[in-house]
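The structure appears below as structure tokens.
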Amino acid sequence: MNTITLDDGSVLGLARYPLPDGVEDDGTPLNRVQLARAFGVSENTITKWVSLGMPVLSGGQNGVSYEFSLRQCYAWRQHREDRLQATKARGDQLAAQAALAFRNLDDDQAEEEAALTADDLRKWSEAEYHRNRVAEQRGDLVRADRMRAALDDIFVTFGSAMETLPDFAEMEFSISPDQVEKLKNRCDQTRDEVRQKIEALFSRPGAVIALGTRQGELPV
């Protein structure tokens, strides 16, 4: 079979996600333990993926073990990861559009600007722009969009590490399923906290960031 049917009814061609070079699949079914070993995850993760729609060849009922196709499961997993990345990218795009639609000012800034005339505000903005440009050329400031792109790349690596850490701990240290679940929850919490801090850091559109400063000291 060269296609699989996804939960939403769409058909995915396996040729879209061929196995990596050097990985062979002669059609021999794999059990849950073998598939977990192939993907470097825990058996609990395989069970979770099955519940999310990963294809199975047979089994799973009346004490019969699951059987999986390596090609099918690999294509399903890669498609799922691409879909999650696309969803994240779309969310980031919508967030960026929303940020551009509003100029976020804190209470002190709003009060200060309210006291300025239009001419004063224009002069202040021009002076601030040139000051930031000079500081950027010296390397004291970095554009927020450039820093965000770099942090997003780092966060992808960090997020992947957080996602696989419970599986690694289970396989390496033989911790209990309850401990795996607690570790997973903690990793998810940490990942969310880091993402929120990144979002808060870049909540001001068009900002430039002073290297070495803390959040709250960022020039606008």
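Residue numbers for the sequence shown follow the working numbering, beginning at 71 and rising by one.
Glycine residues also receive a C-beta, built at the ideal position from the N, C-alpha and C atoms.
Here the structure is a predicted model, which is why all the values come from computation and not from measurement.
Three-state class that DSSP yields for residue i in the structure shown
i, result
"Thr75", "strand"
"Glu94", "coil"
"Ser80", "coil"
"Ser128", "strand"
"Arg203", "helix"
Proximity below 9 Å, CB of residue i to CB of residue j
i, j, result
"Ser139", "Gly97", "yes"
"Met260", "Val111", "Per the sequence shown, residue 260 should be read as Thr rather than Met. No, the Cβ-Cβ distance between Thr260 and Val111 is not below 9 Å."
"Ile74", "Trp119", "no"
"Leu221", "Pro236", "no"
"Arg141", "Leu82", "no"
"Asn101", "Pro247", "no"
Boundaries (first-last residue) of the beta strand (DSSP E) holding residue i
i, result
"Leu253", "Run containing Leu253: none in the beta strand (DSSP E); it sits in the alpha helix (DSSP H), 247-271."
"Leu84", "It is not in any beta strand (DSSP E) - Leu84 carries neither H nor E in the DSSP assignment."
Extent of the continuous alpha helix (DSSP H) to which residue i belongs
i, result
"Leu122", "Where Leu122 is concerned, there is no enclosing alpha helix (DSSP H), given that its DSSP letter is neither H nor E."
"Gln104", "102-109"
**Prompt:** Does the pairing of the stretch 264-273 with the stretch 224-244 give three or more beta-carbon distances under 8 Å?
**Reply:** yes
**Message:** Does the structure place the stretch 144-151 close enough to the stretch 117-131 that three or more beta carbon pairs sit under 8 Å?
**Reply:** yes
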